Every structure is written in C-alpha cells, then in structure tokens.
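Colleague: If you scroll down you'll find the structure; I have some questions about it.
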Amino acid sequence: MTDPTAPRIEPPEDTIEAIAADLESSLGVKVLRAIAEVMLAGFIGLALIMLGLGGGAWILGGVAAGALVFYGDRTWFHRPALPNKTLRKMGQVLIGLAIGFSIRQSTLSSLSSQIPVLVLLGMTLLVSGGVIGYFYSRLEKVDLLTGVLATTPGNIGVMASIAADYSKNTAFVSLVQLLRFTTIIAVIPLVAQVPHTTDLRSTLSALLPDAYWLTLGNGLELAAVLAAAALAAQLGTRLNIPVATFFCPILVGLGFAPLGFADWFADWFAGLPSGADASFNLPPLLKVVGQILLGTTIGEYWANSPRITFGTLARAIIPVTLTFSAGLLTAAIAKALTPWDWLTCLLIAAPGGSPEMIWIALSLQHDVELVTASHLVRLLVINLSLPGLIWLASYIDSRLAAQQGIVVHTEQ
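Sequential numbering of the sequence shown, starting at 65, is according to this note's numbering.
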C-alpha cells in the first residue's frame, strides 16, 4: 500500500509540457496527413475519370492516396502510425446520409416479404466462407480458425482483432481480408458499368458549391443534419449496432422528411432572406469526400501491412478468388429464386464492403432500397453467427490438436 504520509511526487513541468506537445503534434500530423490524402485522392480520382474509370474513381483514388501518403510519411519522416479509422467512419456517415436521402420509403416498406430470401443469401455467404476457410487452412497448413477468419466476408479490423484475441496469425488474416476487399471494390464498378463522364469541366462544375449552399438557411440545415447523423452514429455504436456509423445515418436521411424535420426547418428559417429548402439533399462535393474517405483507410491498411512477398500475395489470391466465386454462386441462387435482374443480384451477393456496394447501386439508381436492405440483413446474419462460427472452428482445432497430442489455447 502507498504511505499516505509520503510526500507526493509531481512530474516535472517540462515532462508535462513534453507530453502535451507530443499529443498536439500527433493530432496535427493526423490532420495534415488526412488533408494530404484527400487532396491527392481528388487529383487521382479526376485522372481516373478522364481515363474512363468513373465507376469507382473516387474510392480507388482514396485507396491510392492513402497508401502513398501513409507509406511516404512513415518512410521519409519515420513516424509510426496506425490506419486512421476516424476517416472511414466519417466517410461512412457521409455516404450513409446520401443513401438515406435517396431511398424511397414506399419501396423500402414493400421489401418485408423478401427478408427470408435475404437471410438465406447471407447464410450462403457465411457458410461458403467457412467451407473455403476449412479447405484453405488445410492447403496453407494453418489452423482452422485462422482460415475461417481470413475467408469469411466481414470487417477487416474486426476479423484481425479476433485473430489477435485468439493469438492467431493477425497479419495473414488482414492480408487476405484486405485483398478481398480491394479486389471487390475495384472489380464490381467495372462490371456494373456505373455511368460517368470523362469531361473534366463538367465534373468540376458539378462538384463546386453553388449559390444554393451558400445561403444561411440551407447552410444551417446542412450543419444540423450532419450533427444529427454524427449523434446517431455515436448512439448506434454504444448500442453495438453493426456498422453503426453507416446504417444509423441512413436512418437519419430516411426519416428526415417523413418525420417532419424538413418542413420544420423550412418553417423555422422562413424568416431568413433565403429560407431553407424542404427537399434537402447532400451537396455533391460531400458525397465525393465520403467516397474518398472510405478508400483512404484501405490504402493505409495496405501501407501498414508487413512486407509482402510475391509468394505470400499469390497464396492470398487463392481464397480471394474462391470467395469471389462464392459471391457469384450466391448471386446465381438469388437470380434463380427471385425476379431480380443479374446486376441487383451481383450487388447484393458481392462479398465486399456494404457502403461501397450500396453506393454503386445509388450511382446507377438501381434498386437502392433492395441492395441496402440486403446488406443490412447480411451484416446482421454474419455478426450474429460469428460467435458460433468461431466456437465451432476453435472446437475443431482443439479436437484435431488433441488427436496429435498438442495443447491449443482457444481463449485469452
């Protein structure tokens, strides 16, 4: 026990000031890095648009910028850092809002009859991920839990953190998940053929803020909507809602007009010279920033990955190809069971990021409500089933290890 009569030792003032300076410097570096990533991603995105790759230009620009800036900062300035998850959360909030304001509530309410099919598709992806993980673990000579965590469609950070909790190969899990995610968001926009323009002038004119957003009423309305989305995301995170920073802002955008907030803002700002528009939507520039922020974190994960050899990458391509094939199989099942067209089935079944797939549907104005509902159901299915899948993989690993006389620890 500490002696209460002993003199209290205070840290030197210069130590406190040094710690404060380090914290301030760290925050400043993150802000500067984020600004550099967004600006570089903008230039790369415009270049990709001019090359005709408009479908995923902004997200891919974010991936490239995140990797280049993060790697350069760590290599040239020797500053160790971790991927900035806050940027991805901000991107999810912006994209979630944009999707929420674009969804037609009448169409969404008619999807309740499709829930059993959506659950079946989610379970198909989950089971196929487990089967692929089993065979790949035998091929790669790793334990079953590592193989399952690497091949089951899910959040990169979540799967890697579970691997760390169970003392598994975290770097391997991260690499396979990251390669799967990057492949999907690069290939699907090309397959979907998202409409785009290669005219740089028209692209820039659509992004620059016009007089509509420079009015006081609409500016205050935008600030209030962003604040409400941030609060909803924070509340959803506390309630352990899957991908709360994405789906809770969708609810904010979806309920903005039906709950009367749009009319309330219009009446509240009626006394201002410009007033506020009841038909609110996010500015195009914020939608682009949201896409860029979704990509930058993926690029940072690539830059933060351990040294990747050609052999390691080649072996990681195997489960990614199998997972992509499982997505195509799931899409074929959806096409056989439903009247949906092939593109809708592909966007629903693609084992990639939910925000990115829903954004492609929004860009095409193609069954946005159905794709959104399907990914929400899939996330719930995967997250609710994941504990059971982990237990089963750990149990099988323990049985196999017991047969070989090896002790395996499945808990920390």
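All C-beta atoms in this analysis are idealised placements derived from N, C-alpha and C, irrespective of residue type, glycine included.
Model, not experiment: these values are computed from the prediction.
1) Identify, in the order they occur along the chain, each residue of the same chain with its Cβ nearer than 7 Å to the Cβ of Glu420, setting aside the five sequence neighbours on each side.
2) Quick check on the burial criterion: 16 or more other C-beta atoms within 10 angstroms. Buried or exposed for Phe107?
3) Please report the straight-line C-alpha distance between Ala98 and Leu151, rounded to a whole angstrom.
4) For the alpha helix (DSSP H) that Tyr198 lies in, which residues bound it at each end?
5) Should the region 123-141 be regarded as contacting the region 384-393, the criterion being three or more beta carbon pairs within less than 8 Å?
6) Give me the residue from Leu184, Lys94, Val102 and Leu132 with the minimum Cα distance to Ser438.
7) Which residues in the same chain as Ala514 place their Cβ atom closer than 6 Å to its Cβ, once the five residues preceding and following it in sequence are excluded?
8) Could you have a look at Ala100 and say whether DSSP puts it in helix, strand or coil?
9) Looking only at C-alpha atoms, which of Leu254, Leu346, Leu208 and Glu285 sits nearest to Trp455?
10) Are the Cβ atoms of Thr361 and Pro147 separated by less than 8 Å?
11) Where Ile412 and Ser449 are concerned, what is the direct C-alpha to C-alpha distance, given to the nearest angstrom?
12) Please report the straight-line C-alpha distance between Ala294 and Leu443, rounded to a whole angstrom.
13) Count the other CB atoms within 10 Å of the CB of Asp229; is the residue buried (16 or more) or exposed (fewer)?
14) Tell me the residue span of the alpha helix (DSSP H) that contains Asn447.
15) Do Ala380 and Leu239 have their beta-carbon atoms positioned less than 8 Å apart in this structure?
16) Go ahead and label Tyr459 buried or exposed: buried means 16 or more other beta carbons lie within 10 angstroms of its beta carbon, across all protein chains shown.
17) How should Pro313 be labelled, buried or exposed, when 16 other C-beta atoms within 10 angstroms of its C-beta is the threshold for buried?
18) Taking only three categories from DSSP, how would you classify Tyr135?
19) In angstroms with no decimal places, state the Cα-to-Cα distance between Thr129 and Gln241.
20) Measure how close the beta-carbons of Leu190 and Thr210 come, nearest whole angstrom, since I'm counting them as under 8 Å.
21) Is the Cβ-Cβ distance between Thr436 and Val181 less than 8 Å?
Modeller: The answer reads as follows:
1) Within the sequence shown, the letter at position 356 stands for residue 420. Cβ neighbours of Glu420 within its own chain (closer than 7 Å, five residues either side excluded): Ile123, Ile249 and Leu358.
2) Counting from one through the sequence shown, the residue named residue 107 turns up at place 43. Exposed, by the Cβ-count rule.
3) Indexing the sequence shown from 1 puts residue 98 at position 34. Indexing the sequence shown from 1 puts residue 151 at position 87. Rounded to whole angstroms, Ala98 to Leu151 spans 8 Å at the Cα level.
4) Taking the sequence shown and counting its residues from 1, the one referred to as residue 198 is at position 134. Boundaries of the alpha helix (DSSP H) harbouring Tyr198: Ile179 to Glu204, taken from the DSSP string.
5) Contact between the region 123-141 and the region 384-393 is absent: fewer than three C-beta pairs spanning the two stretches fall below 8 Å.
6) As a first step, residue 438 is located in the sequence shown; it is residue number 374 there, counting from the start. When Leu184, Lys94, Val102 and Leu132 are compared, the shortest CA-CA separation from Ser438 is found for Leu184.
7) What is shown of the chain runs 65 to 476, which leaves residue 514 out entirely.
8) Residue numbering aside, residue 100 sits at position 36 when the sequence shown is read from its first letter. Looking at Ala100 - three-state DSSP - the assignment turns out to be helix.
9) For the purposes of this step, residue 455 is taken as the residue at position 391 of the sequence shown. Ranked by Cα distance from Trp455, the first of Leu254, Leu346, Leu208 and Glu285 is Leu208.
10) On the sequence shown, residue 361 is found 297 positions in, with the first residue counted as 1. On the sequence shown, residue 147 is found 83 positions in, with the first residue counted as 1. Between Thr361 and Pro147, the gap from beta carbon to beta carbon is short of 8 Å.
11) Residue mapping note: residue 412 aligns to position 348 of the sequence shown, counting from 1. Residue mapping note: residue 449 aligns to position 385 of the sequence shown, counting from 1. C-alpha separation (whole angstroms): 19 Å.
12) Here the question's residue 294 lines up with position 230 in the sequence shown. Here the question's residue 443 lines up with position 379 in the sequence shown. Between Ala294 and Leu443, the C-alpha separation is close to 21 Å.
13) Translated into the one-based positions of the sequence shown, residue 229 becomes position 165. Burial call: exposed.
14) Translated into the one-based positions of the sequence shown, residue 447 becomes position 383. It spans Val432 to Gln467 - the alpha helix (DSSP H) in which Asn447 sits, taken as one unbroken run.
15) For the purposes of this step, residue 239 is taken as residue 175 along the sequence shown, with counting starting at 1. For the purposes of this step, residue 380 is taken as residue 316 along the sequence shown, with counting starting at 1. Yes; because the gap between Cβ atoms is below 8 Å, this pair is in contact.
16) Translated into the one-based positions of the sequence shown, residue 459 becomes position 395. That one is exposed.
17) As a working mapping, residue 313 is identified with position 249 in the sequence shown. Result: buried.
18) Translated into the one-based positions of the sequence shown, residue 135 becomes position 71. DSSP places Tyr135 in helix when its eight states are reduced to three.
19) Position 65 of the sequence shown, counted from the start, is the residue given in the question as residue 129. Position 177 of the sequence shown, counted from the start, is the residue given in the question as residue 241. The sequence as given places Ala at residue 129; Thr does not occur at that position. Cα-Cα distance, rounded: 20 Å.
20) Position 126 of the sequence shown holds residue 190. Position 146 of the sequence shown holds residue 210. The C-beta distance from Leu190 to Thr210 rounds to 17 Å, too long to fall under 8 Å, and the pair is not in contact.
21) Locating residue 436 in the sequence shown gives position 372, counting from the first residue. Locating residue 181 in the sequence shown gives position 117, counting from the first residue. No.
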